[in-house]
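Single-structure report; data block below.
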Amino acid sequence: MTDFIEYGSKRIDFKLEYSDRRTLGITVTPGLDVLVKAPVDTAIDVIKERLRKKAPWIIRQLSFFLSFQPRLTDRKFIGGETHLYLGKQYRLKVISYESGIMSGDSVKLKGQFLEVYTRDNSKVKDLVEAWYLAKAKERFHQLAQPLFEVFIKRNAIENADYNLSIRQMPTRWGSCTAKGRIILNPELIKAPKACIEYVIVHELCHLIHHDHTQKFLDLQTREMPEWEKWKNKLERLLA
Ligand SMILES: [Zn+2]
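Taking our numbering, the leading residue of the sequence shown gets 38, the next gets one more, and so forth.
What follows is the structure in structure tokens.
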């Protein structure tokens, strides 16, 4: 069954399962579900009281996972629309050209404009997305290299031939594999550089500590003292 509690201005929804156990357990999943497992005879008031006491912890857990939920508003890819690149807004300008005048379609930044030259207006979205992906590949490697070097010195990762992949992920900004490969969402190219660095540092710290424990947080704070500021910015910017 599902139910909820109110805590301050926040509403916390939870899923409740009764089972043959002696204590009450609360977990927060990366899918943002709050799961409560309770002994069969526990009154709902008792469960809600326990949830209220644990609410600060639950909110903290939810906000960790939430920071990796890309929530980008849909764009129509028509002239005049604003598009983000490295945290700055650029206005989309679609410039049509006749065949023969120019050699091919292209995208470039010019002043405060993101200019798209094309013969076919239906291709604007594809052209802009390909441009973002190319920029993501180029810039993520530049930003990651010095950060990887710090972790190579710590022996957290093996060599300078660093492992960075770029992959569209529906619900995360970044992740890492057991073998030490860092995966970044190309959508991150829309965020300021420091936000991108924060996600890289966060994932690199996971190569040493796998959970969001205090040890993990201490390491993350040592490597990037202002991480919280950039985490907040990332959440606000793309919301
Ligand atoms: Zn994490």
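The beta carbon of each residue, even a glycine, is placed where N, CA and C say it ideally should be.
At least one heavy atom of ligand 1 falls within 8 Å of the beta-carbon of Glu240. Counting along the chain, Tyr169 sits inside the alpha helix (DSSP H) bounded by residues Val161 to Lys190.
For the options Lys52, Ile42, Lys74 and Leu123, the alpha carbon positioned closest to that of Lys90 is the one of Ile42.
For Thr258, there is no enclosing beta strand (DSSP E); the enclosing alpha helix (DSSP H) has its first and last residue at Gln251 to Glu260.
Contact annotation, Ser56 with Lys74: C-beta distance approximately 6 Å; criterion of less than 8 Å satisfied.
His249 has its Cβ nearer than 8 Å to a heavy atom of ligand 1. At least one heavy atom of ligand 1 lies closer than 8 Å to the C-beta of His243. DSSP places Lys90 within a helical segment (H, G or I) once states are collapsed to three. The residue from Asp142, Glu152 and Leu170 with its alpha-carbon nearest to that of Lys160 is Asp142. In the three-state scheme derived from DSSP, where H, G and I count as helix and E and B as strand, Leu244 is classed as coil. By the criterion of a C-beta distance shorter than 7 Å, Ile203 is surrounded in its chain by Ala173, Lys174, Phe177, Leu221 and Pro223, once the five residues flanking it on both sides are discounted. Contact between Ile49 and Ile81 fails: their C-beta atoms lie close to 14 Å from each other, not under 8 Å. When only Cα atoms are considered, Ala228 and Met206 end up about 16 Å apart. DSSP, read as helix, strand or coil, puts Asp82 in helix.
Rounded to whole angstroms, Lys266 and Pro93 show a C-alpha spacing of 19 Å. Between Ile226 and Leu184, the C-beta spacing is not below 9 Å. Using a Cβ distance threshold of 9 Å, Leu201 and Ile189 do not count as a contacting pair.
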